Amino acid sequence: ETGVTQTPRHLVMGMTNKKSLKCEQHLGHNAMYWYKQSAKKPLELMFVYSLEERVENNSVPSRFSPECPNSSHLFLHLHTLQPEDSALYLCASSQGRGQGYEQYFGPGTRLTVT
Amino acid sequence: QQQVKQSPQSLIVQKGGISIINCAYENTAFDYFPWYQQFPGKGPALLIAIRPDVSEKKEGRFTISFNKSAKQFSLHIMDSQPGDSATYFCAASMDAGNMLTFGGGTRLMVKP
């Protein structure tokens with residue numbers, strides 16, 4: 207595997223379920239990100255991790271819980287989601303956090319909340 | 017509040033034509049303006065980026081034009097090809113960190 211991988215690629219869950227999204231980067235990067243891509247809104251940054259420490263939380267509801275156990279893996283734990291949370295969730299990574307460090311995106315997980 | 021406004025939402029161009037996508041920003045602290053290209057089923061990929069110390073940057077068929085006083089920047093795709101059909105996003109960020117604010121996206125279709 208190369209680049210940034212995400213699993214699963216598609217997920218359907220009920221509002222009472224608990225599920226997790228997984229992201230893995232094979233680029234040796236130190237920063238990882240979660241974004242939400244909705245049909246009717248611009249791409250929204252959710253969380254930023256740098257060297258496994260959360261450095262940004264962009265006012266995301268607590269039903270989304272990120273976890274970064276090491277610099278290669280990032281999880282997004284989901285519980286009691288709402289239908290409006292249905293979206294494409296994108297993971298990205300970069301070598302560092304300053305400008306000039308390109309963010310590499312994974313293919314995303316298409317989440318549908320029923 | 018949307019800090020980066022992108023237009024048009026969709027664009028159809030004939031093969032060989034010029035595709036033009038525009039973005040306007042509000043935050044004068046933004047000083048890095050990348051464009052991303054996204055194909056169906058893929059994540060966005062960096063296409064080209066510009067800083068406000070230059071008014072234009074060209075890479076192959078892709079050119080960014082930047083107007084600091086108007087707080088606008090645009091992407092021009094010369095000699096557009098069917099393989100350029102994708103969704104294009106402009107973005108902006110400030111010097112600290114790497115937090116990108118994205119525009120709403122433009123779905124480009126290049127007809128053969």
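Line by line, the protein sequences are chains A and B.
For what it's worth, this note's numbering labels the leading residue of the first sequence as 207, then goes sequentially.
For what it's worth, this note's numbering labels the leading residue of the second sequence as 17, then goes sequentially.
Ideal Cβ placement from N, Cα and C applies to all residues, glycine included.
As the structure is a prediction and not an experimental result, all values here were calculated from the model.
DSSP three-state label for residue i, please.
i	result
A/Pro275	strand
B/Pro50	strand
A/Glu290	helix
A/Lys246	coil
A/Asn236	coil
B/Gln88	strand
B/Ile37	strand
B/Val70	coil
B/Ala108	strand
B/Asn43	coil
Taking all protein chains shown into account, decide if residue i is buried (16 or more other Cβ within 10 angstroms of its Cβ) or exposed.
i	result
A/Phe253	buried
B/Thr122	buried
A/Val210	buried
A/Arg260	exposed
A/Leu233	exposed
A/His235	buried
B/Met94	exposed
A/Arg315	It should be noted that the sequence gives Thr, not Arg, for residue 315 of chain A. Burial call: buried.
A/Leu257	exposed
B/Phe55	exposed
B/Pro50	buried
Strictly by DSSP, which residues pair up with residue i?
i	result
B/Leu124	B/Leu27 and B/Ala102
A/His216	A/Arg316
A/Asn264	None; A/Asn264 has no bridge partner.
A/Ala298	A/Tyr239 and A/Phe311
A/Thr211	A/Glu230
Under 9 Å (Cβ pairs) to chain B, residues found in the stretch 300-315 of chain A: Ser300, Gly302, Arg303, Gly304, Gln305, Gly306, Tyr307, Glu308, Gln309, Tyr310, Phe311, Gly312, Pro313 and Gly314
Taking contact to mean at least 3 C-beta pairs separated by less than 8 Å, is the stretch 234-247 of chain A in contact with the stretch 293-307 of chain A? yes
Determine contact between the stretch 218-228 of chain A and the stretch 313-320 of chain A, defined as no fewer than three beta-carbon pairs at a distance below 8 Å. The stretch 218-228 of chain A, when compared against the stretch 313-320 of chain A, does touch it at the 8 Å Cβ threshold.
With a cut-off of 8 Å, do at least 3 Cβ pairs link the stretch 24-40 of chain B to the stretch 80-93 of chain B? In this structure the stretch 24-40 of chain B lies against the stretch 80-93 of chain B, because at least three pairs of beta carbons, one per stretch, are closer than 8 Å.
Contact set between the stretch 219-252 of chain A and chain B, restricted to residues whose Cβ is under 9 Å from the partner: Ala237, Tyr239, Tyr241, Gln243, Lys246, Lys247, Pro248, Leu249, Glu250 and Leu251
Can you confirm whether the stretch 60-74 of chain B touches the stretch 298-314 of chain A when touching is taken to mean that 3 or more C-beta pairs between the two stretches lie within less than 8 Å? yes
Could you list the residues in the stretch 59-84 of chain B with a C-beta less than 9 Å from some C-beta on chain A, going in chain order? So the list reads Gly59, Pro60, Ala61, Leu62, Ala65 and Arg67, given in the order they occur along the chain.
Counting beta carbon pairs with one atom in the stretch 278-287 of chain A and one in the stretch 263-270 of chain A, are three or more of them shorter than 8 Å? yes
Listed in chain order, which residues of the stretch 279-297 of chain A have Cβ atoms closer than 7 Å to some Cβ of chain B? Taking 7 Å as the Cβ-Cβ cut-off against chain B, the residues of the stretch 279-297 of chain A that qualify are Leu296.
Contact set between the stretch 36-60 of chain B and chain A, restricted to residues whose Cβ is under 9 Å from the partner: Asp47, Tyr48, Pro50, Tyr52, Gln54, Gly57, Lys58, Gly59 and Pro60
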